[in-house]
Amino acid sequence: MHIRFSVLISVIITAHDRQCYLVEAVKSVLNQEIDKRAFEILVVKNFKEEGIDNFLSENGVRLFYTDQKSFGVKLGIGIENAEGEIISFLDDDDLFFPKKLSRVSEIFADASINYMHNSVVAINETGKTFAEGISKNIRSQITVPTKALSAYERELTRFKLDWYVSAISCRKAVLLERLDFIKKSNASLDRVIFFISASRNGNLFFEKIPLTYYRIHESTTVIFSEFSQYVRNKADFYSRSASSLENLYQNLNTPQLSEILKTEVIHSELMAFFYSGIKYRRISLYDLGFAVKLAIKRKNMTLLLWSVLSILRKYFHLLPVFFIYVISVHRSLSYSR
16 MHIRFSVLIS VIITAHDRQC YLVEAVKSVL NQEIDKRAFE ILVVKNFKEE
66 GIDNFLSENG VRLFYTDQKS FGVKLGIGIE NAEGEIISFL DDDDLFFPKK
116 LSRVSEIFAD ASINYMHNSV VAINETGKTF AEGISKNIRS QITVPTKALS
166 AYERELTRFK LDWYVSAISC RKAVLLERLD FIKKSNASLD RVIFFISASR
216 NGNLFFEKIP LTYYRIHEST TVIFSEFSQY VRNKADFYSR SASSLENLYQ
266 NLNTPQLSEI LKTEVIHSEL MAFFYSGIKY RRISLYDLGF AVKLAIKRKN
316 MTLLLWSVLS ILRKYFHLLP VFFIYVISVH RSLSYSR
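Numbering of the sequence shown is given in the numbering used here, commencing with residue 16 and proceeding in unit increments.
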């Protein structure tokens, strides 16, 4: 027996160059335990491949091409063309659990909900689950009024409730209001979408049930064999992330988000500096002092740690490349146990 859901959901899948996982990602959406008339699939990619394109066409997937490398541009194309009231995002290498969209439909039946983030299960390149996840999942469902978000900042940081775009669903109308920010962003789109949603009056819903398989590609092999490239990639990502979040910070004009968003900007800047040193824009003593004060005020131990490490790296040269190497390997091993 099929249940007819009134909420139409648009699932936006983006892909750039990578072809090997896309069909599997689409199949995870096609196999949803929900009336197929209740959702649509949009794929935005930069390549053409006859076998893949035929599969997408045969299964009613709406296909869009772009030569733009920017992740934000691809998401923007999907959002502009989506017909659904609710949008769920999916990276081409991730997967949905079969119950994902039915749960999304249930949650957004509450008109006050603007944003939903579900828990995730980490998998490797072959689809095998990790013994331990990439982050701790929340133990209970949480509904947070956007005006009270600062009271939940510790949970936001600890459980990465603004991370992983494939775990995020939100209302299209909210995103359309800030579509220019999304298109101009090329890193940390998960957090960009979160803060855009949190800037609107309403509620944010955090689901304890895992509904997304999140694929991790990073391994100790890559770090050992291509360490220099690994560090450059990290520095580039955090530099772009800082730019995306700084753009939001300067333009959202939402008082309840100002300090939280500034914390995210500073954290990304510190990470960019940590991985690239003098190659990144100069961070002044004032910047580092402000970061320490903000970390202590907000009891953000992660920000405090990276502030101290950045001070040691900048002024005392106590963080050689070897130390970055050890941190990177340790973080990678935690994914591979």
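Glycine included, C-beta positions come from ideal geometry on N, C-alpha and C.
Since the model is a prediction, treat every value here as computed from it, not as a measurement.
Residue 115 holds the alpha-carbon nearest to the alpha-carbon of residue 53 among 143, 208, 115.
For the pair of segments examined, the stretch 130-145 was found to touch the stretch 178-185: the number of CB pairs separated by less than 8 Å reaches three. By the Cβ test, the stretch 97-113 is not in contact with the stretch 150-161, since fewer than three Cβ pairs between them sit closer than 8 Å.
According to the DSSP assignment, residue 94 belongs to no beta strand (DSSP E) but to the alpha helix (DSSP H) extending over 86-96. Between residue 193 and residue 208, the C-beta spacing is not below 7 Å. A distance below 7 Å between beta-carbons, with the five flanking residues on each side excluded, links residue 256 to the following residues of its chain, in chain order: 202, 203, 283.
A direct Cα-Cα distance of roughly 38 Å separates residue 80 from residue 270.
Partner residues in the beta bridge of residue 160, as assigned by DSSP, are 218. With a cutoff of 7 Å on beta-carbon distance, residue 325 and residue 307 are scored as not near each other. Between residue 230 and residue 94, the C-beta spacing is not below 7 Å. Nearest Cα to residue 140 within the set 304, 254, 280, 35: 35. A straight-line Cα-Cα distance of about 19 Å links residue 167 and residue 264. Here residue 136 is near residue 228, since their CB atoms are less than 7 Å apart. In this structure, the alpha-carbon of residue 77 lies about 24 Å from that of residue 196. Burial is judged here by how many other beta carbons sit within 10 angstroms of a residue's own beta carbon; residue 311 has fewer than 16 and is exposed.
Cβ neighbours of residue 82 within its own chain (closer than 7 Å, five residues either side excluded): 61. In the three-state reduction of the DSSP assignment, residue 32 falls in the coil class, being assigned neither a helical nor a strand state. In the structure shown, residue 113 falls within a coil segment according to DSSP collapsed to helix, strand and coil.
For residue 303, the secondary structure class from DSSP, reduced to helix, strand or coil, is helix. If you ignore the 5 residues before and after residue 278, its C-beta comes within less than 7 Å of the C-beta of 309, 313, 315, 318, all in its own chain and listed in chain order.
Between residue 225 and the set 144, 63, 32, 68, the nearest pair of CA atoms involves 144.
Residue 252 and residue 176 have their C-alpha atoms roughly 19 Å apart.
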